[in-house]
Amino acid sequence: MNTGEEKAVAALRALYRRYGYRHYKMSKFEEYDLYSRNKEFLISDNVITFTDTNGKLMALKPDVTLSIIKNGQDTDGMQKVYYDEHVYRVAEGTRAFKELKQVGLECVGTVDTYAVYEVLMLAAGSLAALNEEWVLDISHLNVVFALLEDAGLSAEDTRRALALIGEKNRHELTALCTAAAIPSEKAAVLLELVGLYGTPASVLPRLHALLQDTAAAPFVSELQTVSDALARVGFGDKIHIDFSVVNDGNYYNGFVFKGFIHGISSAVLSGGQYDRLMQKMGRRAGAIGFALYLDLLAELPTSAARYDADAVLLYDGGAALAAVQKAVTTLTAEGREVLALSTLPAGLRYQTLYQLNGEEVTVVG
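When you line the sequence shown up against my numbering, it's residues 159 to 523, in that order.
As structure tokens, this is what we get:
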């Protein structure tokens with residue numbers, strides 16, 4: 159793990175602990191059956207397997223969420239955990255297995271409005287901790303499900319419609335509505351939903367007007383409540399509503415979301431409510447969570463790392479050890495990350511340069 163990843167993981171750990179999440183550490187191996195029964199839930203269904211000494215087929219962990227569900231128990235209250243793990247799967251755009259760093263959290267129990275808000279807020283806070291230019295796209299699958307059910311689509315057509323909404327493919331969705339003989343006014347609502355995108359302030363008024371007399375109206379109100387709460391903590395202009403965020407309807411329900419950072423071609427964060435997966439695995443509780451894929455940060459231009467060091471303390475080679483020690487202790491106590499050097503290397507990029515003269519520290523650059 160490089161220095162940038164180490165700093166990111168440390169910042170994210172501190173953020174999650176601040177809200178009561180406890181560290182979850184999983185085994186490197188799980189029985190392969192756990193993953194084979196839930197391949198559609200995995201980002202990649204290619205799994206490294208081996209036969210254990212007892213004859214069981216085991217898998218080198220390709221995912222953390224499935225392990226948390228399998229090893230947890232239904233209890234009163236809420237289980238809040240975070241993790242930072244290496245997972246092993248075929249990396250996007252390659253044919254090779256890679257060890258990838260994944261950080262995330264899971265909130266398991268009774269998923270109420272606050273739990274949804276908190277997880278979305280922490281997803282937004284995670285993106286903000288990684289980069290200044292980011293956006294969190296959120297959707298509510300129950301809005302989509304309600305409209306598709308009202309349209310009277312078959313199970314197969316519903317799956318197809320979800321895929322087309324995820325692709326923002328209005329042309330094929332129009333053809334599907336026509337072939338399924340969906341009334342024109344209901345088809346028009348679905349097609350407009352596909353085109354809606356923007357901040358809650360710009361999208362929600364239209365959404366309320368569009369869906370006020372439908373079974374989707376209560377879920378629009380949930381979107382409004384959570385969006386208002388996110389705006390109150392300063393994330394209003396960074397949150398976008400986008401119904402093309404659909405995830406897999408066999409596993410997810412309710413709020414789903416993806417996070418993006420400028421300069422990276424795909425989502426660096428993905429999450430949502432997965433009560434359906436919980437039920438599929440024999441659990442009674444609800445759940446919501448997300449994962450961050452730190453390996454994707456490598457796509458950022460190298461210029462994004464502006465500094466090699468936050469603060470440099472330059473001291474004379476003959477300076478007293480006690481004086482250097484005192485200066486470093488004082489600067490680090492103020493929250494600075496300090497690189498103490500007797501010689502300034504050519505090309506070193508720093509935010510602040512301090513000079514130690516005797517026992518006096520001055521800013522020189």
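Built from N, CA and C at the ideal position, the CB exists for glycine as well.
If contacts are defined as beta-carbon pairs under 8 Å, then residue i and residue j qualify, I think. What distance do you get, rounded to the angstrom?
i: Ala425; j: Gly417; result: 6 Å
i: Val222; j: Val205; result: Going by Cβ atoms, the distance from Val222 to Val205 rounds to 14 Å, so no, they are not a contact pair.
i: Phe448; j: Val302; result: 19 Å between Cβ atoms; not a contact.
i: Val352; j: Phe401; result: 7 Å
i: Leu258; j: Tyr451; result: 7 Å
i: Ile399; j: Leu458; result: Their Cβ separation, rounded to whole angstroms, is 26 Å, which puts Ile399 and Leu458 out of contact at 8 Å.
i: Lys228; j: Met439; result: 7 Å
i: Thr332; j: Leu349; result: 6 Å
Apart from the five residues on each side of it in sequence, which residues of its chain come closer than 6 Å, Cβ to Cβ, to residue i?
i: Leu381; result: His298
i: Leu497; result: Ala467, Val470
i: Gly407; result: Leu320
i: Val519; result: Ala485, Tyr512
i: Leu173; result: Gly283
i: Ala481; result: Glu517
i: Trp292; result: Leu285, Ile419
i: Val522; result: Leu511, Gln513
i: Leu354; result: Val361
To the nearest angstrom, how far is the alpha carbon of residue i from that of residue j?
i: Leu362; j: Tyr473; result: 58 Å
i: Thr510; j: Arg364; result: 49 Å
i: Gln357; j: Gly475; result: Note that residue 357 is Thr in the sequence shown here, rather than Gln. Taking the straight line from one Cα to the other gives about 56 Å.
i: Val391; j: Thr336; result: 44 Å
i: Gly183; j: Thr487; result: For the sequence presented, residue 183 should be read as Lys rather than Gly. The straight-line gap from Cα to Cα measures roughly 33 Å.
i: Gln231; j: Ala456; result: 37 Å
i: Asp315; j: Leu368; result: 23 Å
i: Ser379; j: Asp453; result: 36 Å
i: Ala478; j: Ser500; result: 12 Å
i: Phe255; j: Val167; result: 22 Å
i: Arg441; j: Glu492; result: 47 Å
i: Phe208; j: Asn405; result: 30 Å
i: Leu435; j: Ala309; result: 25 Å
i: Arg176; j: Asp242; result: 16 Å
i: Leu170; j: Lys219; result: 22 Å
i: Leu311; j: Lys326; result: 18 Å
i: Ala217; j: Leu294; result: 32 Å
i: Gln483; j: Gln437; result: 58 Å
i: Asp191; j: Asp433; result: 20 Å
i: Val403; j: Gly324; result: 6 Å
Candidates the options: which alpha carbon is nearest residue i's?
i: Ile446; options: Ser428, His420, Leu458, Ala169; result: Ser428
i: Val384; options: Tyr451, Met279, Leu348; result: Met279
i: Leu224; options: Leu502, Ala281, Met216, Glu188; result: Glu188
i: Glu307; options: Met439, Gly523, Ala374; result: Ala374
i: Ala273; options: Trp292, Tyr355, Ala387; result: Ala387
i: Arg328; options: Val347, Leu311, Pro341, Ala313; result: Val347
i: Val261; options: Gly324, Ile340, His181; result: His181
Take residue i and list the residues in its own chain whose beta-carbon comes closer than 7 Å to its own, dropping the five residues that flank it on each side.
i: Val269; result: Gln431, Gly444, Ala445, Ile446
i: Gly178; result: Lys238
i: Leu334; result: Asp315, Arg318, Ala319, Leu322
i: Asn300; result: Phe377, Asn411, Gly412
i: Lys165; result: none
i: His366; result: Val378
For the ligand ADP, I want to know if residue i counts as a neighbour, meaning its beta carbon is within less than 8 Å of at least one of the ligand's heavy atoms.
i: Asp308; result: This structure lacks the ligand ADP, and indeed carries no ligand of any kind.
Can you find a C-beta in chain B that's less than 9 Å from the C-beta of residue i?
i: Leu311; result: Note that chain B does not occur in the displayed structure, where there is just one protein chain.
Can you list, in chain order, the residues of its chain whose CB lies under 8 Å from that of residue i, leaving out five sequence neighbours each side?
i: Thr271; result: Glu380, Thr383, Val384
i: Glu163; result: Lys259, Leu452, Leu455
Are the region 393-408 and the region 260-273 touching by the rule of at least three beta carbon pairs closer than 8 Å?
-> Touching, no.
The region 237-244 contacting the region 282-296, beta-carbon criterion three pairs below 8 Å | no
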